[in-house]
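J.: In our numbering, the protein residues as written are 64 to 128. Even for Gly, the Cβ is constructed at its ideal location relative to N, Cα and C. Quick one: this structure, given as structure tokens, is what I'll be asking you about.
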Amino acid sequence: FSALGLANKNQPAVWLHAISAIVIIIHLETDDVVQQNKDVADIIVAIAKSVNAMRTWSPNTKIVV
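Shown next, in the form of structure tokens:
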């Protein structure tokens with residue numbers, strides 16, 4: 064999975080409706096930069112979009128990046 068692909072498809076929101084999480088761990092997307100040569104600024108925006116979706120779904124969930 065790539066950060067950009069997940070954010071563009073709103074995938075975190077889909078997954079979050081299927082689970083109950085106290086803590087969510089996000090592994091930064093080195094594959095986006097190294098293998099796909101994506102722009103770092105675009106990756107940061109995508110991760111922020113995913114985090115915002117998580118916050119909307121569950122404001123009290125701890126998110127570790």
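Please name the residue or residues paired with ILE88 in a DSSP beta bridge.
T.: According to DSSP, ILE88 bridges with VAL127.
J.: Please state the DSSP three-state secondary structure of PRO122.
T.: Residue state, collapsed to three classes: coil.
J.: Could you give the distance in angstroms between the alpha-carbon of LEU67 and the alpha-carbon of ARG118?
T.: Straight-line Cα distance between these residues: approximately 18 Å.
J.: Let me know if TRP106 comes out buried or exposed under the rule of 16 or more other beta-carbons within 10 Å of its beta-carbon.
T.: The question names Trp, but residue 106 is Ile in the sequence shown. By the neighbour-count rule (16 or more Cβ atoms within 10 Å), ILE106 is buried.
J.: Roughly how many angstroms separate the alpha carbons of ILE89 and ILE126, rounded to a whole number?
T.: Each residue's alpha carbon lies about 7 Å from the other.
J.: Can you tell me which of the three DSSP states LYS112 falls into?
T.: In the structure shown, LYS112 sits in a helix (DSSP, three-state: H, G or I).
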